[in-house]
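Heads up, our numbering is the position in the sequence shown plus 51, with the first residue counted as 1. Note that beta-carbon positions come from the ideal geometry of N, C-alpha and C, so glycine has one too. Remember, predicted model here, so these are calculated numbers, not experimental data. Scroll down for the structure; my scribbles are underneath it.
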Amino acid sequence: MKQIYFFGDGSADGSVKDKNLLGGKGANLAEMTTLGIPVPPGFTISTKVCTNFMNASEYPEDLTTEVQNALLKVEKIMGQKFGDVENPLLVSVRSGARQSMPGMMETVLNVGLTTNTIPGLIEKSGDERFVYDAYRRLITMYADVVMEKAADIEPKEGERIREKLDEIMEKLKSHNGVENDSELSAKNLKEL
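Pasting the structure below:
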């Protein structure tokens, strides 16, 4: 059973007609790619994989290989490598469903940004503040989506990880006499 559906460089393994297999987001990305709309390359893990996992709690043994092969295609198109310390490829991980479920779609951006890849991205972008802000966003999203929500942890109001991280951010802004996140310096974000 095919589990990974690639899109990028003007072609896609699926189309808008494959909504039940690719989810709404995956099907639309495939369709936009085929139509020539500039969409960054990527891949969709089929909804069948999710359904099978939820029913049997088994991770398909060949899924890792398929994901690695799809990631190699993305790397080739982008001219970057996931985990490379000089030219890191960052990816977004987005959830999708066959039916639109407002408020239920979660995203983790900047996956691949680590303490090892930060210097390379700073060198490449020339913007240390941008990189540390991207890193802050990754940590926030990962803590919220993966460590709390995906683990079915339901803290009390005011105890959610995102609320706690937002509170820390507000204290940092207050301490530095600024109102907006964008006014924090790279040094501030490193401290954070």
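Close-in-space but distant-in-sequence residues of the same chain around residue i (CB under 8 Å, 5 per side omitted)
i, result
"A63", "Y56, F57, L80, A81, E82, T84, T85"
"Y186", "N161, L164, I169, L240"
"G171", "D135, V136, E137, N138, P139"
"E109", "N103"
Close beta carbons around residue i, own chain, < 6 Å, minus the five adjacent residues each side
i, result
"L114", "Q54"
"E179", "I173, A237"
"N71", "R149"
DSSP bridge partner residues for residue i (one or two, in chain order)
i, result
"P139", "K132"
"R145", "T158"
"F94", "F57"
"A63", "F58"
Chain-order list of residues whose beta-carbon lies under 7 Å from that of residue i (same chain, five-residue window excluded)
i, result
"T191", "R213, L216"
"K175", "N138"
Nearest neighbour of residue i, chosen from the options [CA to CA]
i, options, result
"E242", "Y193, G74, M220", "M220"
"E126", "P91, K224, V182, D203", "P91"
"N167", "F133, L72, G87, T158", "F133"
"K99", "L122, M52, T116", "M52"
"A121", "L141, V196, I96", "I96"
Buried or exposed (CB count within 10 angstroms, at least 16 for buried), residue i
i, result
"G177", "exposed"
"G61", "exposed"
The segment 143 to 150 contacting the segment 205 to 218, beta-carbon criterion three pairs below 8 Å
Output reads no: the segment 205 to 218 does not touch the segment 143 to 150.
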